[in-house]
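These notes concern the structure reproduced below.
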Amino acid sequence: MHKALGIISIKGGVGKTTIASSLAADLAANYRKKVLLVDANYNAPNLGLHMDIVEPDKTIHHVLDNKTNIEKAIHNRFGVDVIPGSYVYPRKIDFLKLSDKINKIKDNYHFVIIDSSPSLNEELLSTMLASDALFIVTTPDYPTLSCSLRAANLAKQRGKPIAGIIINKVRDPKYELTLQQIENSIEIPVVARIPDDKTATRAIYTRIPTPIYNKNSPFSKEINRLNAALTGNAEKLSLVRRIFPISPKKEEVNRQLLKEDFYTSLFSNE
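The opening position of the sequence shown corresponds to residue 0 in numbering that gives the first Met the number 0, with each subsequent residue numbered one higher.
See the structure below:
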């Protein structure tokens, strides 16, 4: 099991970096996986702040500029190996080298999670080329959905499989797009539906990944359920669900299909 997963969106503010850091931290803490987390949002990197890396000495920029080996840019936080970005880097770099650099150490990890740029340019393309599969993060509104559709089309043009849609910041379902509307528009299954959770905001303030800050928050629980599918494990059900079985939600069915299809096809050689 040595796979790179790109977390993408072409609209800022959807919580992409929060989700990338949370997936990585939860995989390490609760599934005992070795994870590399990479900041590929080169012009506006802030993954380090989510992982309590404020002033990194070596970054992905130095790696892509051939100023350091990729191993020397790794910082370990919360059980995760992190390669942050440089907030200000004085030289132009070749973003498309990312895939070659990651491939050098990819086999040392169960998962490589790449936090992409929200810009529809070579920065986003570098994440797509370096990833084995992609997750698109969206919020349940029309402007973001249109951006997500463009991201999906670009990924399909590049022949990159999209493992699923992650809907984040669900606030008022009565006035938001439904899961079915989003699936029908993008033609990709929704594999997580995350409520707008103040815990995530508090976690960012403290520079602690949300699943570490509060593993029982609604945000953390949905991240954990998605990671269960990625690792081939059963989802943890609440006591009520165990006593009184009810029909699963659509995203739960999609995660089961993700586990059976994505996990089996990609990770069967572990």
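Ideal Cβ placement from N, Cα and C applies to all residues, glycine included.
- D25 sits in a helix when the DSSP states are folded into three classes.
- In this structure A3 is buried. Its beta-carbon is surrounded by 16 or more other beta-carbon atoms within 10 angstroms.
- Distance from the Cα of E122 is smallest, within the candidate group P142, E186, L95, for L95.
- Here the region 63-71 lies against the region 87-107, with 3 or more beta-carbon pairs under 8 Å apart.
- In the DSSP assignment, the residues bridged to I165 are V136, A191.
- With contacts defined by Cβ atoms closer than 9 Å, P83 and D38 form a contacting pair.
- Ranking N102, I207, N42 by CA distance to the CA of I69 puts N102 first.
- Annotation note: the region 84-121 contains the following uninterrupted alpha helix (DSSP H) runs of length 4 or greater, listed N- to C-terminal: 97-102.
- With contact defined as three or more Cβ pairs closer than 8 Å, the region 124-139 and the region 163-174 are in contact.
- The bridge partners DSSP lists for K2 are F110.
- In the structure shown, V62 falls within a helical segment according to DSSP collapsed to helix, strand and coil.
- C-alpha of L36 to C-alpha of V239: approximately 35 Å in a straight line.
- DSSP, read as helix, strand or coil, puts N42 in coil.
- Here D114 is near A19, since their CB atoms are less than 9 Å apart.
- Between Y41 and S116, the C-beta spacing is below 9 Å.
- By a beta-carbon distance limit of 8 Å, L148 contacts I185. Their separation comes to about 6 Å.
- Exclusion of the five residues before and after K249 leaves L178 as the residues of its chain whose Cβ lies within less than 6 Å of its Cβ.
- Apart from the 5 residues on each side of it in sequence, E175 sits with its Cβ closer than 7 Å to the Cβ of P139, D140, V169 in its chain, given in chain order.
- Residue pairing by DSSP places I7 opposite I135 in a beta bridge.
- Residue state for D51 is assigned as coil, using DSSP reduced to three classes.
- Burial state of R241 is exposed, judged by a 10 Å Cβ sphere holding fewer than 16 other Cβ atoms.
- The beta carbons of L133 and K159 sit closer together than 9 Å.
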